[in-house]
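Notes follow the structure.
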Amino acid sequence: MISKIISTFIIILMMSIILAAPAAADQTCVSLNAPERMDGNFSVAIEITSVYDLDSGQFDLHFDPAVTRVVGVDDGNIGGTTIPIDNWAVVDENSIRTLFNLPGINGVSGSGSLATIHFETIAPGDCVMAMSNGLLVDTMAELIPANWDGVEGVATETGTAIPTDTTELKTPGFEALFTIGALAAAIFAFRREE
Numbered sequence: 002m003i004s005k006i007i008s009t010f011i012i013i014l015m016m017s018i019i020l021a022a023p024a025a026a027d028q029t030c031v032s033l034n035a036p037e038r039m040d041g042n043f044s045v046a047i048e049i050t051s052v053y054d055l056d057s058g059q060f061d062l063h064f065d066p067a068v069t070r071v072v073g074v075d076d077g078n079i080g081g082t083t084i085p086i087d088n089w090a091v092v093d094e095n096s097i098r099t100l101f102n103l104p105g106i107n108g109v110s111g112s113g114s115l116a117t118i119h120f121e122t123i124a125p126g127d128c129v130m131a132m133s134n135g136l137l138v139d140t141m142a143e144l145i146p147a148n149w150d151g152v153e154g155v156a157t158e159t160g161t162a163i164p165t166d167t168t169e170l171k172t173p174g175f176e177a178l179f180t181i182g183a184l185a186a187a188i189f190a191f192r193r194e195e
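Each residue of the sequence shown is one higher than the one before, starting from 2 at the first, in the working numbering.
See the structure below:
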């Protein structure tokens with residue numbers, strides 16, 4: 002009888018571990034894909050990985066206006082779906098803000114790019130750029146937690162990050178609660194047989 006309880010407990014524990022593992026591994030990440038050096042015209046892609054139900058968002062890109070200037074912004078692409086640039090504007094002399102919004106309410110999931118920003122070099126040198134004010138919104142109008150160029154959370158104007166609410170990752174989800182309930186039911190059922 003005890004072996005049945007232990008076997009059931011081990012099976013349920015293994016199932017809950019297997020179900021919980023993919024949720025932790027699929028962190029949305031946004032990063033800059035820029036050349037190491039600036040010389041002539043060049044482009045910087047804002048890449049994204051592992052996003053689910055993306056609907057809209059924004060980011061600021063900071064650069065040194067003494068060495069480069071923005072000449073244009075192109076739409077992004079995630080899994081064959083175009084990420085249309087709603088608007089982009091110079092926020093101050095050393096940064097631009099880019100807004101994107103997918104039409105309709107379907108959203109897009111996968112990996113790809115949010116935008117490609119084109120620059121013209123004024124003075125050749127090392128390419129030093131940073132992102133801030135990063136914001137991703139899903140089809141339910143909720144924030145998507147993301148790692149922005151190595152900083153987890155929502156980037157701010159100062160380049161630091163506001164940590165995202167990680168309680169959702171630390172508290173048991175539906176699968177864990179179901180597993181605990183099933184384990185409790187199995188234990189009570191085995192006790193009644195005794």
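Note that CB positions come from ideal geometry on N, CA and C, so glycine has one too.
Computed from a predicted structure; not experimentally measured.
Here Met130 has Leu33, Ala35, Val45, Leu62, His63 and Phe64 as same chain residues with Cβ atoms under 7 Å from its own Cβ, once five neighbours each way along the sequence are excluded. Between Val31 and Ala147, the gap from beta carbon to beta carbon is short of 8 Å. DSSP places Ile6 within a helical segment (H, G or I) once states are collapsed to three. Proximity to Thr83 across Ala142, Gly113, Trp89 and Cys128 peaks at Gly113, based on C-alpha coordinates. Rounded to whole angstroms, the gap between the alpha carbons of Pro104 and Met132 is 25 Å. Within its own chain, the residues whose Cβ lies closer than 6 Å to the Cβ of Thr140, once the five positions on either side in sequence are excluded, are Asp54, Asp56, Ile106 and Gly108, listed in chain order. According to the DSSP assignment, Glu48 belongs to the beta strand (DSSP E) that extends over Asn42 to His63. Counting only residues of its own chain and dropping the five nearest sequence neighbours on each side, Ile49 has a CB closer than 6 Å to the CB of Val31 and Leu115. Distance from the CA atom of His119 to the CA atom of Trp89, rounded to whole angstroms, is 12 Å.
Within the DSSP bridge table, the entry for Gly111 names Val52 as partners.
Put simply, the backbone Cα of Ile12 is about 42 Å away from that of Asn78. In the assembly as shown, Ile47 is a buried residue. Its beta-carbon has 16 or more other beta-carbons within 10 Å. Taken atom to atom, the span from the alpha-carbon of Val92 to that of Gln59 is near 13 Å.
The C-alpha of Leu137 is placed about 14 Å away from the C-alpha of Asp87. The C-beta of Val72 has fewer than 16 other C-beta atoms within 10 Å across all chains shown, which makes the residue exposed.
Just measuring C-alpha positions, the residue of Trp149, Ile145 and Gly41 sitting nearest Ser110 is Ile145.
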